[in-house]
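The numbering of the sequence shown is my numbering, which starts it at 1 and goes up by one.
Even for Gly, the Cβ is constructed at its ideal location relative to N, Cα and C.
Just so you know, these numbers come straight off a predicted model, no measurement behind them.
Contents: one structure, followed by commentary.
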Amino acid sequence: MKIVIAPDKFKNSLTGFEFCDAVEEGIRQVIPDAEIIKSPLADGGDGTIEIVNYYLNGEVIHVTVNNPFFQSVKASYLYNQASKTAFIEMAEASGVKLLKPEVFDCKNATTLGTGEMLIDAIEKGATNIILGIGGSATTDCGIGMATALGYRFLDKNNQYVKPIGANLSSIKTIDDSGIHPKLKTVKFKIACDVSNPLYGQNGAAYVYAKQKGATLQDIELLDKGLQDFSKLIMSFFGIDPQLVKGAGAAGGMGIASKVFLNGTIERGIELIKHLADFDNKIKDADWIITGEGNLDAQTFSGKTIQGVLTSAKAKHIKVAAFCGGMDLNSIELETLRLNYTDVVTNYAIDIDDAMKNGEKYLKRIVKKFLESFCQFE
């Protein structure tokens, strides 16, 4: 009997590693000789870096870079020398997590520090870089990042433009004559879980800028800047940003990653599965046991369970989902086509009990599952 355990975390309750250990212990009590493979996953959200390092086994690199407002900040990323692979989260240098909400001001924020982290990794020898673009404080369409890489953005007078969102409409020329010589030798994969276009009512400014401190006037300014800069991208790179899915992610870092880095945009869960060699690990498995904190509508949008199901269905492997709670009706649940589902809240006294004692209830769920699945075999 081969069982693969592949969960996301239960936020504020269990890590993916703790889930794996609890479920393994429950299985061993019933089927001592089961072949168990533990493969914790993540979708690019909180806690992803711990999962990445489980597979990457990288060194934590510390570097001083610019924060969103051009002030020094200490940031870190992962680097594995053997595979020359780096994992960088833009939020480390350009994220809202670095700022107090009262100072959020995305029109004056820059992604310069993210570019400086990329340069540091490139100069250490990285030839593969995974860049996570969630949690940004910026709407500069990645011109800060590109400036660090050696691109220059010039106004009508051929003068340097400070790389912030408020200045996007001022840019008339892109100069790539000074880009880092090793940039084109690096393969970039971009973890991106949103599909917003660059500009317009569903774009970077109108959907996300308000939560980054923008007023309505700021949003209109930024959206116009993104439209104007989009025309420049089209003429310089021959790419229409509005046709690129996810171009508006992280204040335009989606399209910036494509044109300035020649990056490939992928969902976070797909990148993690690749790092984990997941599709090979699950070959010949009888079951995959997955889980996440809450089984809800977001599960359909590239979350971990959806990623597990995609791989499992391709190999005709059954999937059981053990979650903290569930907020799906019977029709929605059926759409997921899970073979077995159970949640901690079916056993806990209340939410507080569920959060504190998730491990105990998971073991109970495993026992019930094993008793039930024997009927399926």
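- Under the Cβ criterion (8 Å, minimum of three pairs), the stretch 92 to 99 does not count as touching the stretch 151 to 166.
- Contact between Ile133 and Ala249 is confirmed by a C-beta separation of about 6 Å, below the 8 Å threshold.
- Counting only runs of 3 or more residues that sit fully inside the stretch 323 to 373, the beta strand (DSSP E) segments are 340 to 343, in chain order.
- One Cα belongs to Leu275, the other to Tyr55, and the distance between them is close to 6 Å.
- Lys303 places its beta carbon 7 Å or farther from that of Ala22.
- Here the alpha carbon of Asp327 sits roughly 25 Å from the alpha carbon of Cys192.
- Runs of the beta strand (DSSP E) lying entirely within the stretch 41 to 119 and spanning at least 3 residues, in chain order: 59 to 66, 72 to 80 and 85 to 89.
- Taking a C-beta distance under 7 Å as the contact criterion, Ile174 and Leu131 do not qualify as a contact pair.
- One Cα belongs to Ala354, the other to Val207, and the distance between them is close to 34 Å.
- Only exposed fits Tyr160, as fewer than 16 other CB atoms lie within 10 angstroms of its CB.
- Thr127 and Ile164 do not touch by the CB rule: their CB atoms are close to 31 Å apart, not below 8 Å.
- Taking a cut-off of 8 Å on C-beta distances, the stretch 181 to 190 does not touch the stretch 64 to 83, as fewer than three cross pairs fall below it.
- Apart from sequence neighbours up to five positions away, the residues of its chain that approach Phe10 with a beta-carbon distance below 6 Å are Gly293, Gly324 and Gly358, ordered along the chain.
- Out of Val308, Ala320, Leu295 and Leu168, the CA that lies nearest to the CA of Asn329 is found in Leu295.
- Its Cα nearest to that of Ile37, the residue Asp277 stands out among Asp350, Asp277, Ile351 and Glu371.
- When rounded, the separation of the alpha-carbon atoms in Glu89 and Met117 is 9 Å.
- Nearest to Gly113 by alpha-carbon distance, out of Glu102, Pro101 and His62, is His62.
- Between Trp287 and Ala314, the C-beta gap is not smaller than 7 Å, which leaves the two residues out of contact.
- Gly252 sits close to Ala204, with the two beta carbons spaced by under 7 Å.
- Distances from the CA of Phe17 to each of Glu35, Val30, Ile305 and Pro40 were compared; the closest alpha carbon is that of Pro40.
- Between Ser372 and Tyr340 a beta carbon distance of about 7 Å is seen, short of the 8 Å cut, so the two are scored as contacting.
- The C-beta distance from Tyr79 to Ala121 rounds to 6 Å, short enough to meet the 8 Å contact threshold.
- If you check the CB distance, Phe104 and Gly225 do not come in under 7 Å.
- As computed with DSSP, Ala321 is found in a beta bridge with Thr290 and Thr341.
- Closest in alpha carbon position to Phe369, among Thr85, Thr138, Ser76 and Lys318, is Lys318.
- For Asn128, the uninterrupted beta strand (DSSP E) run begins and ends at Asn128 to Gly132, by DSSP.
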